[in-house]
Amino acid sequence: MHMPNSRGEALSVFLAILQTTAGQWATISALIFGGCCSNAWTLELATSRNPHAGSLITFAQGDQKKLSVFARIRRIRPRPLAVPISRWLIQVMLFLSVSLLNNAAFGYRVPMAVHIVFRSGGLVVNMILGRLVLGRRYRWSQVIAIILISVGIGAATASGAGPPTNESTMGPSYADFGIGILMLSLALVLSTFLGFSQESTYGKYGRHWEEGMFFLHFLALPMFAFVKDDLVRQIRFANSTEHMSLLELIHVSFKAIGAHHLFSPVFPSPALSPSAPRRPVWLRTSSPPSISTLTIPIFWIHLLLNVFTQFICVAGVNRLTSRVSSLTVILVLSLRKAISLIISVVIIGRSSGNAQLWGGSAVVLIGTVLYTLGSGETVKKDEHNADNAKNR
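Taken in order, the sequence shown gives residues -23 to -1, 1 to 369; the numbers are from mature numbering (1 follows the signal peptide of the UniProt record, and there is no 0).
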C-alpha cells in the first residue's frame, strides 16, 4: 500500500519540476537565441552605417554593463576586497583591449560572417597557449578537433577576402582585410590570457563575481581617455548619418511586430515620390508638429538596439551558466553562432554565401563539438581518478 503512494508522490514531484523547468528553459532559450542573435544583427547594422565606430560601440556596451551592476555597488563597497585590485586591473586592460580590437576590425573590411567564424578560434589559441604557457596536456580527439577548427577558420576567412573588383583596389582591399584579421588574431590571444588570469584568480581567491563585475566595468571607464579623440570623431560621424523621424520609427516598429492592422493603406500624396515611405494618415495629420519633425540619426537607433539586445543576451548566458556545465554552454553558444551566421549571410547579406564559407563554418562547428565532447571525457576521467584516490 505504501509503494503506490510513493510512486504517485514521485510522479507528482517530477511533473511539478518538469513544468517549472520547462518554463525556465524556454526563457533561457528565448534570451540566448533571441537576444544574442539579435545582438549580432544590430551590431552588423550599426557597423554597416559606421564601420569605424569600434571605440564608440565598446564605450556604449560598457555603459550598459555599468548600469546593470550599479545596483550592487552598495553591497560591494562596505566589504573588504577579496581579490587584490592589481588582479582586477590586469583583467580590465585585457578585457577592454579585446573589446576594442574586435569592434575595430569592422573598419577593415572584415565581414560579420568571417568575424563570427574567426572568433571561434579561441579554442585553437587556448590549446596552443595552454600547452606552451601552462604545460597542459590534451587528448588526441581534442587535437584533431583543433586541427578541424583551424582548417575551417582558414577556409571561411579566405572566403571573406573576396576577389578584388579591379587592379587599383587590390592593394588596399587585401591590406585592410589583413589588418582586420591581425586585430582579431591579437584579440584571440589577449582573450585567452584573460581566461588564464580569471582561472588563476578564481582558483586562488574564490569566485567573487560581483566584485569582478564592478571593477571590470568601472575601472575601464578612465581608460577611454586614451581614445577620447577617436570617440569625438565617431560621435560626429554618427550624428551625420541618415536621419529617421520618430513617426517613421514607430511605423517601422509596428510593422516589424506584425501590427499591420494599425496601418491601413494611405492615399498617395503629390508631395511624396512613389518610392518614398508613406506613413498612415492618422499619424501624419493628428501628430503635433514638434513630434512629426523630430528625427534621430539611424546609427543611434541601431546602437541602442545593440546595447539593449546585449543586456538580454548576457542575462540568458548567465542563467545558462548557472544551470549547466561549461561544456554545455560552449555547445549552446556554438549553435547560436551558427544561427547568427545564417542571419548575417542569408537575411542581412541577401546572399547564398559560397562553398568556402559554409564548408569552413560546418567544419568549425563539427570541430567545436568534438573538442567539447573530448573535454567532457577528460573531466569525467579526472573526477573518476579523484574518487579512486579518496577511496584508497
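For glycine and all other residues, C-beta sits at the position ideal for the given N, C-alpha and C.
Since this is a predicted model, take the numbers as computed values, not measurements.
Report task. Could you name the residues of the same chain whose beta carbon sits closer than 8 Å to that of L171, not counting the 5 residues immediately before and after it, in chain order? Result -> Q68, L71, F72, V75
Query raised in the report: Beta-carbon separation of M200 and L78 under 7 Å?
Result: No, the pair does not count as a contact, with Cβ atoms beyond the cut-off.
Report task. State buried or exposed for W63, treating a residue as buried only when at least 16 other CB atoms are found within 10 Å of its CB. Result -> The sequence shown places Ser at residue 63, rather than the Trp named in the question. By the 10 Å Cβ count, S63 comes out exposed.
Query - Environment of E188 [buried if 16+ CB atoms lie within 10 Å] - result: buried
Query raised in the report: Does DSSP put T349 in a helix, a strand or coil?
Result: helix
Requested in this report: Look up T298 in the DSSP assignment and say whether it is helix, strand or coil.
Outcome: helix
Query raised in the report: Which whole-angstrom value is the C-beta distance of V32 and Q211, which I expect to be below 8 Å?
Result: Checking the sequence, you will find Ser at residue 32 rather than Val. With 8 Å as the limit, S32 and Q211 qualify as a contact, their Cβ atoms being about 6 Å apart.
Report task. Examine the Cβ distances between the segment 288 to 303 and the segment 270 to 277 and report whether three or more of them are shorter than 8 Å. Result -> no
Requested in this report: My understanding is that V341 touches I158, with C-beta atoms under 8 Å, so please give their C-beta distance in whole angstroms.
Outcome: V341 to I158, Cβ: 15 Å. No contact.
Requested in this report: Please work out which residues of its chain come closer than 7 Å, Cβ to Cβ, to T218, disregarding the five sequence neighbours upstream and downstream, and give them in chain order.
Outcome: Here the set comprises R26, N27, P274, I275, F276.
Report task. Put H92 into one of helix, strand or coil per three-state DSSP. Result -> Helix, per DSSP.
Query - Outcome for T4 when other beta-carbon atoms lying within 10 angstroms are tallied against a minimum of 16 - result: Here T4 is exposed: its Cβ has fewer than 16 other Cβ atoms, across all protein chains shown, within 10 Å.
Report task. With distances taken Cα to Cα, identify the nearest neighbour of S338 among E21, A81, S127. Result -> S127
Query raised in the report: Are the beta-carbon atoms of F154 and R86 separated by less than 7 Å?
Result: yes
Report task. Just tell me which of R116, A23, L208 has its CA closest to the CA of V284. Result -> In this structure, A23 is the residue among R116, A23, L208 with its C-alpha nearest to the C-alpha of V284.
Query raised in the report: In whole angstroms, what separates the C-alpha of A122 from that of N216?
Result: 46 Å
Query raised in the report: L347 to I124, Cα distance in whole Å?
Result: Inter-residue distance for L347 and I124 is about 11 Å (C-alpha atoms, whole angstroms).
Report task. Could you tell me the distance, in whole angstroms, from the CA atom of F10 to the CA atom of L100? Result -> Whole-angstrom Cα-Cα distance: 22 Å.
Query - Bounding residues of the alpha helix (DSSP H) (the contiguous stretch that carries I156) - result: 144 to 182
Report task. Please check the pair A132 and Q1, which I expect to be a contact at CB under 8 Å, by giving their CB distance rounded to whole angstroms. Result -> The Cβ separation is near 38 Å, so there is no contact.
Query raised in the report: Under the three-state reduction of DSSP, which class applies to H29: helix, strand or coil?
Result: coil
Requested in this report: For H220, collect the residues of the same chain with a Cβ closer than 8 Å to its Cβ; drop the 5 residues on either side in sequence, then sort them by chain order.
Outcome: T272, I273, P274, I275
**Report entry** Closest Cα partner of F192 within the set R96, M104, A59
**Finding:** The shortest Cα separation from F192 among R96, M104, A59 belongs to A59.
Report task. Tell me whether T134 sits in a helix, a strand or coil according to DSSP, three-state version. Result -> Collapsing the DSSP output to three states places T134 in a helix.
Requested in this report: Identify, in the order they occur along the chain, each residue of the same chain with its Cβ nearer than 8 Å to the Cβ of A7, setting aside the five sequence neighbours on each side.
Outcome: G293
Requested in this report: Give the secondary structure of P274 by DSSP, where H, G and I count as helix, E and B as strand, and everything else as coil.
Outcome: strand
Query raised in the report: Excluding the five sequence neighbours on either side, which residues of its own chain have a C-beta within less than 7 Å of the C-beta of F214, listed in chain order?
Result: N27
**Report entry** Simplified DSSP state of H279, which is helix, strand or coil
**Finding:** helix
Query raised in the report: Between which two residues does the alpha helix (DSSP H) harbouring V69 extend?
Result: For V69, the enclosing alpha helix (DSSP H) stretches over residues 62 to 81.
Query raised in the report: Hey, R296 and C13 are a contact pair by Cβ (cut 8 Å); roughly how many whole angstroms apart?
Result: Wrong, their Cβ atoms sit about 12 Å apart, outside the cutoff.
Query raised in the report: Could you give the C-beta distance for R114 and G351, rounded to a whole number, given that I count them as a contact under 8 Å?
Result: R114 to G351, Cβ: 12 Å. No contact.
Requested in this report: Rounded to whole angstroms, what's the CA-CA distance from A135 to P61? Just pull it up for me.
Outcome: 43 Å
Query raised in the report: Within this structure, are the beta carbons of I105 and S317 separated by less than 7 Å?
Result: no
**Report entry** Residue closest to L163, alpha-carbon to alpha-carbon, out of A81, V323, A315
**Finding:** Among A81, V323, A315, the Cα nearest to that of L163 is on A81.
Query - Backbone CA spacing between L165 and Q175 [nearest angstrom] - result: 15 Å
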